[in-house]
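**Student:** Those letters in the sequence shown? Residues 1 to 167, per the UniProt record's numbering, in order. I'd like to ask some things about the structure below.
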Amino acid sequence: MILQHTGTKYSGNFLLDSLLSSTVTAPTYFPHTSALLELLNAGNLELIQNDVLKKHLATWVSTVETLKDREELITGMDLELNRFIMKHGSWLDTDELIPVENKKGLDFPKFGFQVNNNDLLGMLEFENRVENQIMFYKRLLEIQEPCLELISEILCEIEVSKNIKKA
């Protein structure tokens, strides 16, 4: 949406402030892998009788590491974009658009500078940074999908194993 209004495409009737805060908030996932790592490092994965579950658990750590690496990269990009906006724009202006229920008692003053965040739309560097954010977020989602599938498969195999023990 933002990229449709950058450079010569900017017409003056687009309010960037409403979208600006969403450009620097990457989702992160922090799974606890210590028990699994202990199981793997001790060579005790063989204690699990379900071969499919063993295979899924063995691939879990590397799958999560790939996700973590991508999230860390995006977090760094978020910080860079945040710094860019702090240098060339106004977060205070953007914060005025936060719904009251989300401000949690914060009462932001009116900003004290004559800054129009829409001026960012005319900056090539801003356009490039936003485009990079979009591409990296898209790639993050592509990495998250196999993680979610693997979680579902692990949970399914745990249920299968529990049902076999009950029988």
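All C-beta atoms, glycine included, are put in the ideal place defined by N, C-alpha and C. Fair warning: this is a prediction, and the values are worked out from it, not measured in the lab.
My output table needs one value for residue 225: the three-state DSSP class, helix, strand or coil.
**Tutor:** The question about residue 225 has no answer here: the residues shown for the chain are numbered 1 through 167.
**Student:** Could you give the first and the last residue of the continuous alpha helix (DSSP H) run that contains F136?
**Tutor:** Locating residue 136 in the sequence shown gives position 136, where the first residue counts as 1. Where F136 is concerned, the enclosing alpha helix (DSSP H) stretches over 124-166.
**Student:** Quick test of your reading: L120 and L16, contact by CB under 8 Å. State the CB separation rounded to the nearest angstrom.
**Tutor:** Translated into positions along the sequence shown, residue 120 becomes position 120. Translated into positions along the sequence shown, residue 16 becomes position 16. The Cβ separation is near 6 Å, so the contact holds.
**Student:** Is it the case that the segment 70-78 contacts the segment 132-151, given that we only count it when at least three CB pairs across the two stretches are under 8 Å?
**Tutor:** The segment 132-151 is in contact with the segment 70-78.
**Student:** Of the choices L92, G112, H88, whose alpha-carbon is the least far from that of G122?
**Tutor:** The count along the sequence shown starts at 1 and reaches residue 122 at position 122. That would be H88, whose Cα lies nearest to the Cα of G122.
**Student:** Evaluate E157 with the Cβ neighbour count: other Cβ atoms within 10 Å of its Cβ, from every protein chain shown; 16 or more gives buried, anything less gives exposed.
**Tutor:** Translated into the one-based positions of the sequence shown, residue 157 becomes position 157. Flag for E157 reads buried.
**Student:** To the nearest angstrom, report how far apart E65 and E38 are at their CA atoms.
**Tutor:** For the purposes of this step, residue 65 is identified with residue 65 of the sequence shown, where counting begins at 1. For the purposes of this step, residue 38 is identified with residue 38 of the sequence shown, where counting begins at 1. Distance between the alpha carbons of E65 and E38: 16 Å.
**Student:** Going by other Cβ atoms of all chains shown within 10 Å of its Cβ, with 16 needed for buried, is H32 buried or exposed?
**Tutor:** Taking the first residue of the sequence shown as position 1, residue 32 is located at position 32. Label assigned to H32: exposed.
**Student:** DSSP three-state call for D78: helix, strand or coil?
**Tutor:** The sequence position of residue 78 within the sequence shown is 78, counting from 1. Helix at D78.
**Student:** Between residue 200 and T6, how many whole angstroms is the CB-CB distance? I'm expecting something under 8 Å.
**Tutor:** What the structure shows of the chain is the stretch from 1 to 167, and residue 200 is not part of that stretch, so it cannot be assessed.
**Student:** Taking all protein chains shown into account, do 16 or more other C-beta atoms lie within 10 angstroms of the C-beta of I164, making it buried, or fewer, making it exposed?
**Tutor:** For the purposes of this step, residue 164 is identified with residue 164 of the sequence shown, where counting begins at 1. Its Cβ having fewer than 16 others within 10 Å, I164 is exposed.
**Student:** Are there 16 or more other CB atoms within 10 angstroms of the CB of N117, so buried, or fewer, so exposed?
**Tutor:** The residue you call residue 117 lines up with position 117 of the sequence shown. With 16 or more other Cβ atoms within 10 Å, it is buried.
**Student:** What does a CB cutoff of less than 8 Å around L36 pick up in its chain, not counting 5 residues either side in sequence?
**Tutor:** For this step, residue 36 is matched to residue 36 along the sequence shown. Once the five neighbours on either side are set aside, the close Cβ partners of L36 are L57, W60, V61.
**Student:** Identify whether A42 lies in helix, strand or coil by the three-state DSSP scheme.
**Tutor:** By 1-based counting over the sequence shown, the position of residue 42 is 42. In the structure shown, A42 sits in coil (DSSP, three-state: anything other than H, G, I, E or B).
**Student:** Are the beta-carbon atoms belonging to R70 and L140 less than 8 Å from one another?
**Tutor:** In the sequence shown, counting from the first residue as 1, residue 70 sits at position 70. In the sequence shown, counting from the first residue as 1, residue 140 sits at position 140. The answer is yes: Cβ separation under 8 Å.
**Student:** Could you check what DSSP says for V52 in three-state terms: helix, strand or coil?
**Tutor:** Stepping through the sequence shown from its first residue, residue 52 is reached at position 52. If DSSP states are grouped into helix, strand and coil, V52 belongs with the helices.
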